[in-house]
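Peer 1:
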Amino acid sequence: MTRAPMPKLIPLALSGILLAGPALSQNWALGGHDPVGTVQAGQAVPGRSDIATMWKGELWHFASEENRARFEADPRAFAPALDGYCPVALSEGRRERGDPRHFAVIGGNLYLLGSTSAERRLREAPAEIIARARAAWGGN
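The numbering of the sequence shown is this note's numbering, which starts it at -15 and goes up by one.
#1: How close, in whole Å, do the beta carbons of ARG98 and ALA73 come, if the pair is a contact with beta carbons under 8 Å?
#2: Taking the continuous beta strand (DSSP E) assigned at PHE55, which residues delimit it?
#3: Exposed or buried, what is ASN11 when buried is set at 16 or more other beta-carbons lying within 10 Å of its beta-carbon?
#4: For a test of your reading of the model: does the CB of ARG60 fall under 7 Å from any non-hydrogen atom of the ligand FAD? Yes or no.
#5: In this structure, does DSSP put ALA115 in helix, strand or coil?
#6: Have a look at GLY68 and GLU76 and give me their C-alpha separation to the nearest angstrom.
#7: By a C-beta neighbour count over all protein chains shown, 10 Å radius and 16 as the cutoff for buried, is SER101 buried or exposed?
#8: May I have the straight-line CA-CA distance separating ALA13 from GLN27, to the nearest angstrom?
#9: Check whether the Cβ atoms of ARG125 and ALA88 sit closer than 8 Å, and answer yes or no.
#10: Take the Cβ of ASP58 as the centre, count every other Cβ of all protein chains shown within 10 Å, and call the residue buried at 16 or more, exposed below.
#11: Am I right that TYR95 and ALA65 are in contact with their C-beta atoms under 8 Å? What's the rounded C-beta distance?
#12: Tell me the rounded alpha-carbon separation between THR37 and TRP44.
What follows is the structure, given as structure tokens:
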């Protein structure tokens, strides 16, 4: 039996944080986007690889030290609502993970969506879909 070669990790020591190369970027929360900046701007804000923090087993990146500090003070205020599940899918009785490339900021909450179609549907009836999603989620 032939084993697949292990990816080589090239650690980078930046600002006291050990970062792995792009091979592990799929473990980055929100695909490396800054959750604080994204909620504030209402659009995807890329995080920097040298400004990051570990929370709930994922590496969260930020555009500034200020954004990292705000997140670390209250991560639940900036992390995706519904634990990152798509509210449109939840409202229809399905538990599907949202994709950080598709999101909406509604009422100061970040919602990850499953597709462009889900983005459109949420924007057409946000209150109704979010209420149904929260009920299906159990109100958390």
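Heads up, the beta-carbon is just placed ideally off N, CA and C, and yes, glycines get one too.
Peer 2: Inspection of the coordinates gives the following:
#1: Taking the sequence shown and counting its residues from 1, one reaches residue 98 at position 114. Taking the sequence shown and counting its residues from 1, one reaches residue 73 at position 89. Just to set this straight, residue 98 is Gly in the shown sequence, not Arg. GLY98 to ALA73, Cβ: 6 Å. Contact.
#2: Translated into the one-based positions of the sequence shown, residue 55 becomes position 71. It is not in any beta strand (DSSP E) - PHE55 instead sits in the alpha helix (DSSP H) that spans 49 to 57.
#3: Position 27 of the sequence shown, counting from 1, holds the residue named residue 11. With fewer than 16 Cβ atoms within 10 Å of its Cβ, ASN11 is classed as exposed.
#4: With respect to small molecules bound, the structure shown includes none, and the ligand FAD cannot be examined in it.
#5: Numbered from 1 along the sequence shown, position 131 holds the residue referred to as residue 115. Note: ALA115 maps to helix in three-state DSSP.
#6: Taking the sequence shown and counting its residues from 1, the one referred to as residue 68 is at position 84. Taking the sequence shown and counting its residues from 1, the one referred to as residue 76 is at position 92. Looking at the two C-alpha atoms, the distance is approximately 16 Å.
#7: Residue mapping note: residue 101 aligns to position 117 of the sequence shown, counting from 1. Taking all protein chains shown into account, SER101 has fewer than 16 neighbouring C-beta atoms within 10 Å of its C-beta and is therefore exposed.
#8: Start at 1 with the first residue of the sequence shown, and residue 13 comes out as number 29. Start at 1 with the first residue of the sequence shown, and residue 27 comes out as number 43. Between ALA13 and GLN27, the C-alpha separation is close to 16 Å.
#9: No answer is possible for residue 125: it lies beyond the span of the chain, which begins at -15 and ends at 124.
#10: Reading the sequence shown from its first residue, position 74 is the one you call residue 58. By the neighbour-count rule (16 or more Cβ atoms within 10 Å), ASP58 is not buried but exposed.
#11: Here the question's residue 95 lines up with position 111 in the sequence shown. Here the question's residue 65 lines up with position 81 in the sequence shown. Sure, about 5 Å apart at Cβ, within 8 Å.
#12: For the purposes of this step, residue 37 is taken as residue 53 along the sequence shown, with counting starting at 1. For the purposes of this step, residue 44 is taken as residue 60 along the sequence shown, with counting starting at 1. So the two alpha carbons sit approximately 5 Å from each other.
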